[in-house]
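Protein chains in written order, with my numbering: chain F, 1312 to 1683; chain U, 1312 to 1683. Beta carbons: idealized from backbone N, C-alpha and C, even for Gly.
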């Protein structure tokens, strides 16, 4: 039996986890093609529903899964295979197999999970976009759940900054939910990966979303919560991150906003308080000894060029922007008028310049150049 | 020599601290009236400038101090006297003596220091007022520095809630600074105390304000910072509180506001994150075993009545307000129209009802009754 067939079968086995795949692999002496053979299954202690399925699999559904894999160009990674992300393989109850659309290599790179409220405030979404942009620029992959609100803003922020992003779905990869994020899903596939443990055809089911959360936190070095009320599912993701021995980060906000309460609770429980991307990078030790950002940009889609650190040459557009900025603080609108660049690209360039310590934000949406 | 004369002399001795008064007292075998006698001073290691002053005191200035004490009705408390607040006496470098206008007993009661930006935002001032009101209602004395912004709002919040408040001045008690707070100072004197280690006639001098901060934190069980930028003097007060082994509390805010940065830094360094008065009370263990607020209202000006706890009878005005509120969330304006009560008294009553768990705030300035 091909490994793809074995993986599709194990992916559909109810309740089957990475630990079960490990036991099957040991029994099969490492021969992954043999994992579903009756004499292997017979000697391993499996969840009853999974054993039953493996003894009488739904051949039609499995055939459709394999056909969809061929047609879509997706990969199906079996727990224990080289491409299965090792940091996810290490969590308790890891998925037996992962469907992946996009670039598989991105899953083994350093990731930061960003999650938060679906009904986020405009400010919360802007903060998520800026944070994701700064962190993606520094080379972190932004991993989230493709939900409305903070999730979508985080994916978008990473993409706008030219970074990569991973979306973990609670549905099959052919059933993007919510539907309004279908276009975003397409962009993520092209600059990162869409991931799901659920076979194609799986629609949105309430019980699958908390399970999805453990994969989001399990793929990442840490989880950053941007806006979350007291009962938010994001708090579950943060708890999973803690269970998995990963870092938890949270952005504080006004005590008058109910969307700050979840973040404040996390901070009170020990989460790192995050005001800017550098706080996350410092905690994850993505700094060198001179307290300058270390380039881990190899994972960026536009990677390869020199990171514009101290003294490094700047792109022409950045020079234009710095010229337009001067040392008198100015708004983005002023900069659009002065430079002819678009507001969106100015916003992302300002973020990068801020991370480099070349400019600083001032109250009232102003930005000013720092003398060096 | 009378104790008042001794205290006035020691209060004017440059650099003299509580430790020095202790040494003098030991040398005088506990006889406070003898502390300034030449044979006592000769046998104690004192700061040179203080020794020089004590040997040749400015008699005219001392005479004026004593005359002002008589005329104003102020008290002058010598370190080691019974009325000198013991929690302040315990800090390193405590004032040798304290001028007090108002009620001396309030200085030995449980205090919370509240400090923050002079150029506070309207939201910051509203938060300071509400916090101070809730904490004062619970029986804590609110201690602050009578500065513009957060200080003034904290004093006002305590007064509006019928609580007591202490203002520690960096000037003589006859020289209220800033002048616009003179009326507030009068209200504080009537419902608490004005305190200074500086003799009457001392005007505002830059170097005296940081010294004043150690008295604010030293009088209190803990210091709550409401809004503070990165370079705020409030951070010095918070650091003094830590040095003195007291608690530090901070209110978080939007990461887009420079006035949040100081508070966020404190939280990152271990300060307790505060969203509501109950957070402070819980940390200071002003809760009973059922997690209900314990009445320490004996220090409130209107103290004596039953605290309106679970099942306790409510004042008639509170009943009117709850009737006006109903279970559909309403704004304060709506409640003014429905109840005929003033907006200000409704605001402070809502706070108390919120602390008791009878109502809850909702987004958009709405309040709703909770079913019990």
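For residue i, which residues does DSSP report across the bridge?
i: residue 1455 of chain F; result: F/1478
i: residue 1583 of chain F; result: F/1560
i: residue 1588 of chain F; result: None, per the DSSP bridge assignment.
i: residue 1670 of chain U; result: U/1680
i: residue 1386 of chain F; result: F/1411
i: residue 1533 of chain F; result: F/1423, F/1558
i: residue 1400 of chain F; result: Looking at the DSSP assignment, residue 1400 of chain F forms no beta bridge with any residue, so it has no partner.
i: residue 1506 of chain F; result: F/1411, F/1479
i: residue 1406 of chain U; result: U/1328
i: residue 1641 of chain U; result: U/1678
For the candidate residues the options, whose alpha-carbon lies nearest to that of residue i?
i: residue 1521 of chain U; options: U/1404, U/1363, U/1360, U/1640; result: U/1404
i: residue 1514 of chain F; options: F/1378, F/1481, F/1659; result: F/1481
i: residue 1560 of chain F; options: F/1567, F/1574, F/1569; result: F/1574
i: residue 1253 of chain U; options: U/1314, U/1366, U/1426; result: The requested residue 1253 of chain U is not part of the displayed model; chain U covers only 1312 to 1683.
i: residue 1681 of chain F; options: F/1640, F/1450, F/1646; result: F/1640
i: residue 1439 of chain F; options: F/1430, F/1426, F/1508; result: F/1426
i: residue 1417 of chain U; options: U/1502, U/1593, U/1431, U/1491; result: U/1502
i: residue 1535 of chain U; options: U/1665, U/1487, U/1636, U/1582; result: U/1582
i: residue 1357 of chain U; options: U/1321, U/1554, U/1381, U/1553; result: U/1321
i: residue 1486 of chain F; options: F/1476, F/1383, F/1528; result: F/1383
i: residue 1456 of chain U; options: U/1669, U/1467, U/1631; result: U/1467
i: residue 1464 of chain F; options: F/1437, F/1450, F/1488; result: F/1437
i: residue 1596 of chain F; options: F/1473, F/1421, F/1499; result: F/1421
i: residue 1635 of chain F; options: F/1494, F/1646, F/1449; result: F/1646
i: residue 1579 of chain F; options: U/1657, U/1591, U/1570; result: U/1591
i: residue 1529 of chain F; options: F/1474, F/1539, F/1554, F/1449; result: F/1554
i: residue 1377 of chain F; options: F/1556, F/1428, F/1317; result: F/1317
i: residue 1448 of chain F; options: F/1351, F/1471, F/1352, F/1353; result: F/1471
i: residue 1511 of chain F; options: F/1336, F/1643, F/1381; result: F/1381
i: residue 1691 of chain F; options: F/1670, F/1629, F/1669, F/1671; result: Absent from the model: residue 1691 of chain F. The displayed extent of chain F is 1312 to 1683, so no value can be given.
i: residue 1537 of chain F; options: F/1488, F/1526, F/1519, F/1588; result: F/1588
i: residue 1452 of chain F; options: F/1475, F/1432, F/1395, F/1657; result: F/1475
i: residue 1361 of chain U; options: U/1392, U/1341, U/1319; result: U/1319
i: residue 1593 of chain F; options: F/1576, F/1552, F/1532; result: F/1532
Count the other CB atoms, across all protein chains shown, that sit within 10 Å of the CB of residue i; report buried if there are 16 or more and exposed otherwise.
i: residue 1673 of chain F; result: exposed
i: residue 1638 of chain F; result: exposed
i: residue 1359 of chain F; result: exposed
i: residue 1653 of chain U; result: exposed
i: residue 1601 of chain F; result: In this prediction, residue 1601 of chain F scores a pLDDT of 41, lower than 50, which makes its location untrustworthy; the coordinate-derived value is nonetheless stated afterwards. Answer is exposed; the Cβ neighbour count stays below 16.
i: residue 1546 of chain F; result: buried
i: residue 1665 of chain U; result: buried
i: residue 1548 of chain U; result: buried
i: residue 1270 of chain F; result: Residue 1270 of chain F falls outside the range modelled here, since chain F spans only 1312 to 1683, and no answer is possible.
i: residue 1586 of chain U; result: buried
i: residue 1617 of chain U; result: With a pLDDT of 33 at residue 1617 of chain U, under the threshold of 50, the modelled position of that residue is not reliable, and no figure is offered here.
i: residue 1516 of chain F; result: exposed
i: residue 1655 of chain U; result: exposed
i: residue 1613 of chain F; result: Since pLDDT at residue 1613 of chain F reaches only 36, below the 50 mark, its modelled position is unreliable, and the value read off the structure follows with that caveat. It counts as exposed.
i: residue 1344 of chain F; result: exposed
i: residue 1396 of chain F; result: buried
i: residue 1624 of chain F; result: Note that residue 1624 of chain F has pLDDT 46, beneath the 50 cutoff, so the model's placement of it is unreliable and the number below is only indicative. Under this definition residue 1624 of chain F is an exposed residue.
i: residue 1542 of chain U; result: exposed
i: residue 1454 of chain F; result: buried
key: chain F contacts from the segment 1455-1475 of chain U (Cβ-Cβ distance under 7 Å)   = none
inquiry  = Counting only Cβ-Cβ distances shorter than 9 Å, please list the residues of the segment 1540-1569 of chain F near chain U, keeping chain order.
reply    = 1562, 1563, 1564, 1565, 1566, 1567, 1568, 1569
query = Just by C-beta distance, which residues in the segment 1578-1597 of chain F are closer than 9 Å to chain U?
reply = 1578, 1579, 1583, 1584, 1585, 1586, 1587, 1590
query = Just checking, does the segment 1394-1414 of chain U make contact with the segment 1435-1448 of chain U on the three C-beta pairs under 8 Å criterion?
reply = no
query = Within the chosen definition, does the segment 1656-1665 of chain F reach the segment 1327-1337 of chain U through at least 3 CB pairs nearer than 8 Å?
reply = As far as the Cβ criterion goes, the segment 1656-1665 of chain F does not touch the segment 1327-1337 of chain U, which means the pair count is below three.
request  = Report the residues of the segment 1340-1368 of chain F with a CB closer than 8 Å to any CB of chain U, ordered along the chain.
outcome  = none
request  = Decide if the segment 1562-1574 of chain F is in contact with the segment 1565-1582 of chain U; the criterion is three or more beta carbon pairs, one per stretch, under 8 Å apart.
outcome  = yes
message = Using 8 Å as the cut-off, can you tell me whether the segment 1368-1375 of chain F makes contact with the segment 1387-1394 of chain F, which would need three or more C-beta pairs spanning the two stretches below that distance?
response = no
task = Could you please tell me which residues of the segment 1428-1454 of chain F, in chain order, have their CB closer than 8 Å to any CB of chain U?
result = Listed in sequence order: 1434, 1438.
inquiry  = Check whether the segment 1471-1480 of chain F and the segment 1506-1513 of chain F are in contact - that is, three or more C-beta pairs closer than 8 Å.
reply    = yes
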